[in-house]
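To convert, take the position in the sequence shown, counting from 1, and add 8; that gives the working numbering.
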Amino acid sequence: MTQQRQDSLVPTSLAQAAVTALSIANSIEKAEATRCFAKAWQSGEISEVGIAPIPKEPAREKKPVLVPPQEVPRRKVTQEVEGRVAMLHALTHIELHAINLCWDIIARFASTPMPKGFYDDWVSVADDEARHHLLLCERLDQLGSFYGALPAHAGLWKGAEVTEHNLKARLAVVPMVLEARGIDVTPGIIKKLKAVKDFESADRLQVIYDDEITHVAKGKRWFEYLCAQDNEDPIESWQNIILTLFKGRVKPPFNEEGRNKADFPIDFYGPIADL
Ligand SMILES: [Fe+2]
Ligand SMILES: [Fe+2]
Numbered sequence: 009m010t011q012q013r014q015d016s017l018v019p020t021s022l023a024q025a026a027v028t029a030l031s032i033a034n035s036i037e038k039a040e041a042t043r044c045f046a047k048a049w050q051s052g053e054i055s056e057v058g059i060a061p062i063p064k065e066p067a068r069e070k071k072p073v074l075v076p077p078q079e080v081p082r083r084k085v086t087q088e089v090e091g092r093v094a095m096l097h098a099l100t101h102i103e104l105h106a107i108n109l110c111w112d113i114i115a116r117f118a119s120t121p122m123p124k125g126f127y128d129d130w131v132s133v134a135d136d137e138a139r140h141h142l143l144l145c146e147r148l149d150q151l152g153s154f155y156g157a158l159p160a161h162a163g164l165w166k167g168a169e170v171t172e173h174n175l176k177a178r179l180a181v182v183p184m185v186l187e188a189r190g191i192d193v194t195p196g197i198i199k200k201l202k203a204v205k206d207f208e209s210a211d212r213l214q215v216i217y218d219d220e221i222t223h224v225a226k227g228k229r230w231f232e233y234l235c236a237q238d239n240e241d242p243i244e245s246w247q248n249i250i251l252t253l254f255k256g257r258v259k260p261p262f263n264e265e266g267r268n269k270a271d272f273p274i275d276f277y278g279p280i281a282d283l
């Protein structure tokens, strides 16, 4: 590739990079572009946040076919490869969704003035999610499958839609409910994978788990930043948002140890848990 061609691929603003990534249908290409844009932001090659028109939904290929959650193939972690592939396929889908959510938060709320650290954090999370998606695609390949081979959960974009007009609500729901849920369930999956001696998959999920704790911590930090600006108590504000938008979606059992590592104490979710 010539230097000139390479230069033409680097977006002039972060919002434009976000919209470019959201508009790429192939998941591997989207993840690779994400990693490339993250480097460009981190090196200062992209320095403006800018504004760019956002697509209504992220581009995707025809596969995987999206189905209601009850129709997603059973994800039983056993010695049989099919169950493990189904589990890893579902997680690969979630990681792709996570890439889209990061770029969406950057582009959708680009007109809300936020400190540079906010963009640094979500670009770094996008880079992590892209790495996670690629790690899992590679593992599916090693197990004789690929992303798109199975049907996948259709409803993941709902969390983005219900919070599309409010950055504070987006932070309350995406990192502090959905990603925190990942912290709750991942250690159990890792344990099951180790029990059937799939250490390769377990190691990859451990990398993801450790990163996800930092994502919840970043989400909570920026949520608290916005609450401080509005003179609101963060616990009260978070509980109000969740009860209004996400009734019944904060479910035990909680991985309190992992959540504490993300500086997300039970004072937030304990009182409104669907016990
Ligand atoms: Fe992830
Ligand atoms: Fe994440």
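We put the beta carbon where it would ideally sit given N, CA and C, even for glycine.
A quick note: this is a predicted structure, and the numbers were derived from the prediction, not measured.
Query	Result
Environment of residue 128 [buried if 16+ CB atoms lie within 10 Å]	exposed
Nearest to residue 228 (by Cα), restricted to the options 188, 207, 262 and 204	188
Three-state secondary structure (DSSP) of residue 89	helix
Segment contact flag, the stretch 217-232 with the stretch 176-184, C-beta cutoff 8 Å, min 3 pairs	yes
Sub-8 Å separation of residue 134 and residue 102 beta-carbons	no
Anticipated Cβ contact below 8 Å, residue 185 with residue 274, distance rounded	14 Å between Cβ atoms; not a contact.
Euclidean distance between Cα positions of residue 209 and residue 201	7 Å
Contacting residues, own chain, Cβ-Cβ under 8 Å from residue 9 (five flanking each side not counted)	Here residue 9 scores only 39 on pLDDT, less than 50, and its place in the model should not be relied on; the value that follows carries that caveat. Closer than 8 Å at the Cβ level, and outside the excluded window around residue 9, lies no residue.
Buried versus exposed, by CB contacts within 10 Å (16 or more), residue 169	exposed
CB of residue 194 within 8 Å of CB of residue 213, strictly	yes
In DSSP terms, what residue 56 is bridged to	21
Closest by C-alpha distance to residue 66, when choosing among 57, 111, 72 and 46	111
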